[in-house]
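According to this note's numbering, the stretch in the sequence shown is residues 16 to 417, in order.
Ideal Cβ placement from N, Cα and C applies to all residues, glycine included.
The structure appears below as structure tokens.
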Amino acid sequence: MLEFEEALARVLAVVPAPKSERVRLSDAPGRVLAERVRSPIDLPVFDNSAMDGYAVRAADVRSAAPDSPANLRLAGRVAAGEVFAGAVKSGYCVRLFTGSPMPTGADAVVMQEDTRVDSNAPGEVLILGPVGPGANVRSHGEDVRQGSTLVEAGEVLTIGRIGLLAAAGVAQVRLARQPVVGLLATGSELTEPGRPLASGRIYDCNRATLATLVQRVGAVPQRYPLLADSLAGISRALAKAFEQCDAVVTSGGVSVGETDFLKRAFERIGGRVEFWKVAIKPGRPFAFGRCRGKLLFGLPGNPVSALVTFLLLVRPTLLRWQGARSVALPAHPGMLAEPLANEGERRHFMRVRVDANGQIHSSGTQASHVLSSVAAANGLVDVPAHTTLAAGTVVSVLRWEA
Ligand code: AMP
Ligand code: MG
Numbered sequence: 016m017l018e019f020e021e022a023l024a025r026v027l028a029v030v031p032a033p034k035s036e037r038v039r040l041s042d043a044p045g046r047v048l049a050e051r052v053r054s055p056i057d058l059p060v061f062d063n064s065a066m067d068g069y070a071v072r073a074a075d076v077r078s079a080a081p082d083s084p085a086n087l088r089l090a091g092r093v094a095a096g097e098v099f100a101g102a103v104k105s106g107y108c109v110r111l112f113t114g115s116p117m118p119t120g121a122d123a124v125v126m127q128e129d130t131r132v133d134s135n136a137p138g139e140v141l142i143l144g145p146v147g148p149g150a151n152v153r154s155h156g157e158d159v160r161q162g163s164t165l166v167e168a169g170e171v172l173t174i175g176r177i178g179l180l181a182a183a184g185v186a187q188v189r190l191a192r193q194p195v196v197g198l199l200a201t202g203s204e205l206t207e208p209g210r211p212l213a214s215g216r217i218y219d220c221n222r223a224t225l226a227t228l229v230q231r232v233g234a235v236p237q238r239y240p241l242l243a244d245s246l247a248g249i250s251r252a253l254a255k256a257f258e259q260c261d262a263v264v265t266s267g268g269v270s271v272g273e274t275d276f277l278k279r280a281f282e283r284i285g286g287r288v289e290f291w292k293v294a295i296k297p298g299r300p301f302a303f304g305r306c307r308g309k310l311l312f313g314l315p316g317n318p319v320s321a322l323v324t325f326l327l328l329v330r331p332t333l334l335r336w337q338g339a340r341s342v343a344l345p346a347h348p349g350m351l352a353e354p355l356a357n358e359g360e361r362r363h364f365m366r367v368r369v370d371a372n373g374q375i376h377s378s379g380t381q382a383s384h385v386l387s388s389v390a391a392a393n394g395l396v397d398v399p400a401h402t403t404l405a406a407g408t409v410v411s412v413l414r415w416e417a
């Protein structure tokens with residue numbers, strides 16, 4: 016039985032190199048960038064006003080005060096999107112709005128609230144206080160310099176990065192190709208949700224969670240019909256999935272029972288099981304194999320085991336496949352609000368809920384068939400074998416939900 020770290024290292028060691036494709040920015044969120052993107056332009060593109068107000072020469076209003084305002088002549092008006100044709104001479108100002116380009120000659124903006132216009136003299140503006148040079152001006156290039164890196168290769172295109180790329184005028188990006196991941200659920204007891212449930216049957220929930228997990232890492236799930244526990248049927252389905260997909264994730268049938276056909280079926284289609292069993296709870300009977308350069312992840316059928324082994328072993332692989340820089344689950348420290356006890360001899364990835372104050376609670380019963388405690392959880396805590404972590408202990412939480 017392999018330790019978790021060794022199992023992960025062995026899987027990551029055989030991940031194929033990423034391929035790339037050009038994609039419209041609107042189709043890119045959540046996917047991994049295949050090459051560094053540099054900014055084609057400066058941001059801000061030009062000096063512009065941060066306020067609704069008046070462009071002035073700071074020297075003209077140096078001694079302005081409410082009881083002795085500076086009196087400037089209005090030379091014009093520049094709405095956002097327009098450009099002032101002339102230059103602002105001493106003694107003059109120009110009406111501006113947030114985002115209006117700074118007119119030549121002006122070096123500061125007085126906000127509208129610090130001015131007064133007399134309706135009898137609409138061509139004059141009273142400035143009620145001084146501003147320094149550069150006040151309320153957003154400077155050309157202060158945010159991003161042309162040629163500087165906007166996003167590094169291997170980074171995921173998050174919401175903020177998408178916005179930054181769009182602001183720089185980037186409409187297409189080169190992304191890692193998305194691996195297509197076949198999802199097979201095996202078990203003669205399984206029924207498609209939405210259909211009536213015969214006695215002795217249960218609904219399949221693994222393809223639903225696994226498809227979501229696959230999508231979350233920017234890969235493409237391809238679901239296959241439910242499979243009864245039969246060597247011939249599972250072999251046929253595996254052969255088809257390995258033809259059509261880059262990787263195949265199965266659930267169930269990977270343990271030691273005589274109806275557990277997954278490994279045999281995989282070997283029958285020419286696959287090789289690289290390892291079987293990892294010293295973790297839940298999820299010990301996890302199997303990893305290769306077939307003509309493609310990868311098999313044989314997850315245990317228990318929904319919690321399937322989820323945890325996906326998060327710990329499949330998710331990093333799919334990310335590495337896309338050239339992602341960081342493949343581990345996001346983690347942060349938090350304090351246990353209650354003890355977490357692991358009496359077993361394997362490390363236990365326990366389901367927890369991190370509350371709004373960062374305190375960590377068990378999300379409920381930890382048995383590997385209990386789904387309500389999965390639904391209540393947003394993280395996992397790795398509890399070593401034969402260990403009780405006392406309330407108040409600071410631990411690292413692996414996050415898989417917000
Ligand atoms: P197995 O790994 O096939 O021995 O299955 C372990 C447990 O998980 C059994 O109780 C199965 O009924 C259950 N199980 C297997 N596959 C699924 C599935 N796709 N959805 C829900 N439960 C499952
Ligand atoms: Mg089974």
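| query | result |
| --- | --- |
| By DSSP, does Ile284 sit in helix, in strand, or in coil? | coil |
| Spatial neighbours of Leu334 within its chain, please: C-beta separation below 6 Å, excluding the five flanking residues on both sides. | Val232 and Val342 |
| In the DSSP assignment, the beta strand (DSSP E) including Pro236 goes from what residue to what residue? | Val235 to Arg238 |
| Hey, Thr173 and Val52: beta-carbon distance below 9 Å or not? | no |
| With 9 Å set as the bound, which would you pick, yes or no: does the beta-carbon of Gly45 sit closer than that to a beta-carbon of chain B? | Absence of chain B from the displayed structure is noted, only one protein chain being present. |
| Is the stretch 222-232 close to the stretch 250-257, with three or more CB pairs under 8 Å? | no |
| Exposed or buried, Tyr218, counting other C-beta atoms within 10 Å across all chains shown (16 or more means buried)? | exposed |
| Considering only C-alpha positions, which residue in the set Trp415, Phe303 and Thr130 is nearest to Leu344? | Trp415 |
| Would you be able to state if there are at least three C-beta pairs under 8 Å between the stretch 16-25 and the stretch 284-301? | yes |
| Within a Cβ cutoff of 8 Å, which residues of the same chain sit near Cys220, ignoring the five residues on either side of it in sequence? | Pro208, Pro318 and Leu386 |
| Verify whether the separation of the beta carbon atoms of Ala346 and Val412 is less than 9 Å. | yes |
| Does the Cβ of Thr324 lie closer than 8 Å to at least one heavy atom of ligand 2? | no |
| To which residues of the same chain is Arg176 closer than 6 Å at the C-beta, ignoring the five residues directly before and after it? | Val166 |
| Shorter than 8 Å, the distance from the beta carbon of Tyr239 to the closest heavy atom of ligand 3, or not? | With respect to small molecules bound, the structure shown includes ligand 1 and ligand 2 and not ligand 3. |
| Please report the Cβ distance between Leu253 and Ala280, rounded to the nearest whole angstrom; I am assuming they are in contact, meaning their Cβ atoms lie under 8 Å. | 6 Å |
| I think Phe112 touches Ser64, with their Cβ atoms under 8 Å apart; what is that distance to the nearest whole Å? | 7 Å |
| Ordered along the chain, which non-local residues of its own chain (more than five positions away) have a Cβ less than 6 Å from that of Pro33? | Ala191, Gln337 and Gly338 |
| Straight-line CA distance for Val29 to Gly114? | 51 Å |
| Measure the C-alpha to C-alpha separation of Gly169 and Pro331 and round it to an integer number of angstroms. | 13 Å |
| For my contact list, Arg189 and Glu204 are in at a C-beta cut-off of 8 Å; report their separation, rounded to the angstrom. | Not quite, the Cβ-Cβ distance comes to about 45 Å (not below 8 Å), so this is no contact. |
| Extract the residue ranges of the beta strand (DSSP E) inside the stretch 131-186, only unbroken runs of 3 or more that lie entirely within it. | 139-142 and 164-166 |
| Indicate, with yes or no, if ligand 1 has a heavy atom lying under 8 Å from the CB of Ile295. | no |
| Whole angstroms are fine: how far does the CA of Ala24 sit from the CA of Thr274? | 30 Å |
| Compute every distance between the C-beta of Ala200 and the non-hydrogen atoms of ligand 1, then say whether any falls below 8 Å. | yes |
| Taking only three categories from DSSP, how would you classify Val323? | helix |
| Could you check which residue in Thr130, Gln374, Ala43 and Arg153 has the C-alpha nearest to that of Gly407? | Gln374 |
| Check Ile375 in the structure and name its three-state DSSP category. | strand |
| Is it buried or exposed for Pro145, if we count other Cβ within 10 angstroms and need 16 for buried? | buried |
| Per DSSP, what kind of secondary structure is Pro348 in: helix, strand or coil? | strand |
| Closer than 8 Å is the cut-off here; do at least three beta carbon pairs connect the stretch 33-46 with the stretch 76-83? | no |
| Rounded C-beta distance between Phe90 and Val109? I'm assuming under 8 Å. | Contrary to the premise, residue 90 reads as Ala rather than Phe in this sequence. Ala90 to Val109, Cβ: 5 Å. Contact. |
| Quick one: give me the first and last residue of the alpha helix (DSSP H) that Val389 is part of. | Ser387 to Ala390 |
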